[in-house]
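Residue numbers (full-length UniProt numbering): 1 to 123.
Structure representation (structure tokens):
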């Protein structure tokens, strides 16, 4: 019988999800010395790149290492859907060159477009 790695991976992931293995691994250490990891929020002005994946791997390694040392590890994800990177991306999409052009376009319309733009990369 040939080994079907895709099927095996899905079975393992389903088992972990169905039995809440990750949550149990955190709860089992409740009362131990805490280690809290506040992950910086991703910006939502473009699709994630491969460098984002690499940094996530490194961040995950720290949390796993601390878990193996017996710490109660809380992972807190940041959230950021606004700010300069989003505004710059929307300016590019609209072909606006400076603040005056943004004002001429309309601040309310520009803000609405910025809010809409973040959902392209969050879905």
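Beta carbons are placed, not taken as given, at the ideal position from N, Cα and C, and that holds for glycine.
Small disclaimer: the values here were computed from a predicted structure and weren't measured.
query, result
"Name the DSSP beta bridge partners of residue 72, please?", "34"
"Can you check DSSP and say which residues form a bridge with residue 39?", "77"
"Count Cβ pairs between the stretch 85-92 and the stretch 100-118 that sit closer than 8 Å; are there 3 or more?", "yes"
"Taking residue 38 as the reference, which of 100, 116, 75 has the closest Cα?", "75"
"For a test of the three-state rule: what should DSSP assign to residue 3, helix, strand or coil?", "coil"
"Pairing CB atoms from the stretch 26-40 with CB atoms from the stretch 65-72, are three or more of them under 8 Å?", "yes"
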